[in-house]
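Per full-length UniProt numbering, the sequence shown starts with residue 1, numbered consecutively.
No residue lacks a Cβ here, since even glycine has one placed at the ideal position from N, Cα and C.
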Amino acid sequence: MSELVIVRGDLKNKPVSSTLLADYFESVKSQYEGTLFIGYPIIGTSDGGYQIDALLITKQKGLIIINIEEGSNFNEKYIEIQDENFTKLSSKLLQHKDLTKKRKLAVDINTFTYAPACKNLIKEINEDYPYINDNNLLDEYLNKIIWNDNSYFNKLLSVLQSVTTIRRNKSREFTKKADSKGSALKKLEDSIVNLDRQQSLAVIETVEGVQRIRGLAGSGKTIILALKVAYLHAKNKEWKIAVTFNSRALKEHLKKYITIFSYENSNEEPNWNKIDIIHAWGTSETGGIYYNLCKDQNIEYIDVNGAKAITHEYGKEFEVVCEKALREISDFIPKYDLLVIDEAQDFSKEFLRICYHITKSPKRLVYAYDELQNLNKKQMESPEVIFGNDSNGNPLVNLRNINGKPKEDITLDVCYRNSLEVLTTAHALGFGIYHDKLVQMFNDSSLWLDIGYNVIDGKLEDGENVTLKRNSKSSPEFLSNHSPVEDLISFNTFNDNEEQIEYIVSQIEKNIKEDELDPDDIMVINPNPLTTKSVVGIFRQKLYAKGLNSSLAGVSTSPDVFFQADNITFTGIYRAKGNEASMVYIMNAHFCYDGLELANKRNILFTAITRSKAWVRVCGFGQEMLGLENEFNKVKENNFSLKFKYPTEPERRHMNIVNRDMTIEEKNRIRKNKSNLGELLEDLKLGRIQKEDLPQDLIEEIKNIINL
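Right, dumping it as structure tokens:
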């Protein structure tokens, strides 16, 4: 039996008593399976949000509402408070037919008042309105409660976490075939019902300072951030909150989720005057963190084209303009009480520092990221490095997790989007585990454990052989069980582009006409960000000829819209980030096999594969695609585990140099020199020149460099 999870939410007006309540349940948590929420939930009513002080839900005791009293005085209104708590929560639960039986709530609700500092002598418990000021009385009270039917536990927890609301956003009642992909998808979506322990902590536990949330692709980061914003907005109506991101398509997702959760918490639309869902860069039309900063601080704003003119390295444009802004501003104007950053892996430390400086004291800044989705190959640095030092040379941010306090550093290790097979394949190809040579590797080997892998053989140490595999906790089995392994993920190598086009178009037609998938269940990703517009046209034309509509995200749609109803979505990799689809096709995957800037290409492939909620088809043509397929075959041969020698620090440094991002000048120089060297070798082979014709000092210098 797993033990009780204690989630410490925001209950600032009752700090002592809520801490004592948490301490009590810490001492008995091995006896219970479930969750104690402190400062949660907030229930939407006709009068706005209604705060429940604490809520205990366990398989052993069912649902118990706890009214917490601070101070030593006896509160005469405790009966009225218990009645209102009961009425508000039961009204919420009655809205869910899965929790009712014969017009009544199928779950008993118990309630008591906890007043540990109250000095009144209480010898026995009032059974109708328990008032408890002593832990012995609390033991006695809990011992009397028995929940005989805990079959409602998961559904009850899902409703209380507001997860039910977002899981029912798409009906699949049209499915008729029991064995179709549409039916499998319905069962799959119904299986994802509750937030896990780490997700609950990330949503509710609030830090008076910086909080970091690290999570795999598919671990629920975006939904968690939306839940967190809605929860804190309901509790702190006066706060000015910003949510920022890199992928413009995330804006509508975030707005939708924050709205849904706000109705759950306060039964009303969020006050959008108090919440900015705002792009990181921004323009004069849309605003943005950087654009608004320039306007507020009266410094020059540089748009994308202007940034390209002063930046020589592709992908560094935003970093350069943020660095310039930091140099020019000596006194920042704080404007936000809470600032939340999604996709933080896409941003440089300069942008994160700007966010820190424009957040009011005590610097409530939440940043969430997935290291491997960093398409610009900027490895996330430690918080101490990112946020810098104060005037005394001490780090401005130093994250610590202290027992009994809200967590400052949270890792989400469970993936609820990708099956074990899909995620392991994505990691294998992303790192180049079965490539000729490793492409990249975590400097901190323990990160593999943080993201849900176990060591099943060898040692997770520099220079040692190791075998890593995910388990059923970090990769729930229901994500794999709906389909055979060969259907979950396949690599498809073709002779040419025509064969690739024919395959993808015919398979999409089958998905819709036979497999009972909707068009907007399907995403087609092109990995090369520079060619998407030119290469997807022929695919879309052939689909249209079959009566199937499609859209090119951000081109044929608004920049803030990704999916359109009844449309198959084609996209480049940057717009794909932050989105997911049940069926994902990756076209021209051979682009990611080898060549310059290989780490970036492999990150692109990782991101593309992990967009899939159920099935993924990796497609391409030629020898390079055959190379990718061979890597995938090795993943399968090793039973979807990662088997490799952990590189040493010098080896990792060498990988970073070889596979680094490059400026245009660097790439041109390398291509030119490779061509020149090839011509030289050809001339030597054919005897057009003799090795004696080459200067001896040049030969010695080449030998020395190669030996190095």
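- Here the C-alpha atom of A117 lies approximately 39 Å from the C-alpha atom of A242.
- Judged by beta-carbon spacing, E421 lies beyond the 8 Å limit of G578, meaning their Cβ atoms are not closer than that value.
- According to DSSP, M523 shares a beta bridge with T569 and V584.
- DSSP, read as helix, strand or coil, puts P395 in strand.
- Within the DSSP secondary-structure output, D409 pairs in a beta bridge with R212.
- Within the region 95 to 153, the complete alpha helix (DSSP H) segments of 4 residues or longer fall at 135 to 144, listed in chain order.
- Cα atoms of K88 and K187: separation of roughly 32 Å, rounded to the nearest angstrom.
- For I354, the closest of G452, K144 and S330 by C-alpha to C-alpha distance is S330.
- In this structure the region 611 to 620 touches the region 484 to 495; the number of beta carbon pairs closer than 8 Å is three or more.
- With fewer than 16 other Cβ atoms from the protein chains shown falling within 10 Å of its own Cβ, D496 counts as exposed.
- Put simply, of E408, N389 and G388 the residue whose alpha carbon is nearest the alpha carbon of L365 is E408.
- C-alpha of N528 to C-alpha of N704: approximately 37 Å in a straight line.
- If you ignore the 5 residues before and after I456, its C-beta comes within less than 8 Å of the C-beta of T467, L468, K469 and S641, all in its own chain and listed in chain order.
- Counting only runs that start and end inside the region 233 to 282, the alpha helix (DSSP H) elements of at least 4 residues fall at 250 to 266.
- For T175 and S480, the gap between their C-alpha atoms comes out near 20 Å.
- Residue ranges of uninterrupted alpha helix (DSSP H) with 4 or more members, entirely inside the region 579 to 653 and ordered along the chain, are 598 to 609 and 623 to 637.
- With contacts defined by Cβ atoms closer than 8 Å, V7 and T45 do not form a contacting pair.
- Spanning the alpha carbons of Y314 and V304 requires a straight line of approximately 12 Å.
- The residues N526, P529 and T532, in chain order, have a CB closer than 7 Å to that of G572 in the same chain once the five nearest residues on each side in sequence are set aside.
- Here the region 89 to 105 makes no contact with the region 133 to 143; the two share fewer than three CB pairs at distances below 8 Å.
- In this structure the region 252 to 263 does not touch the region 67 to 78; the number of beta carbon pairs closer than 8 Å is below three.
- Taking the C-beta atoms as reference points, V439 is found no nearer than 8 Å to L684.
- Linking L429 to F442 through their CA atoms gives a straight-line distance of about 14 Å.
- One Cα belongs to I213, the other to W448, and the distance between them is close to 16 Å.
- A direct Cα-to-Cα measurement between E208 and L160 gives close to 25 Å.
- Pairing D134 with S2, the inter-Cα distance amounts to about 27 Å.
- Remark: fewer than three beta-carbon pairs, one from each stretch, lie closer than 8 Å, so the region 412 to 421 and the region 379 to 399 are not flagged as touching.
- Counting along the chain, no alpha helix (DSSP H) covers A368; the unbroken beta strand (DSSP E) around it starts and ends at L365 to Y369.
- Looking at the backbone, the Cα of G215 and that of S262 are separated by about 24 Å.
- Only residues of its own chain outside the window of five on either side were considered, and among them K61 have a CB closer than 7 Å to the CB of L142, listed in chain order.
- One Cα belongs to Y453, the other to N471, and the distance between them is close to 7 Å.
- The C-beta distance from E461 to S445 rounds to 7 Å, short enough to meet the 8 Å contact threshold.
- DSSP places K513 in the uninterrupted alpha helix (DSSP H) bounded by N497 to K513.
- Around the C-beta of L686, fewer than 16 other C-beta atoms lie within 10 Å, and the residue is accordingly described as exposed.
- Cβ contact annotation for D450 (same chain, cutoff 8 Å, sequence separation greater than five): R214, T411 and D413, in chain order.
- Assigned with DSSP and collapsed to three states, T531 falls in coil, not helix or strand.
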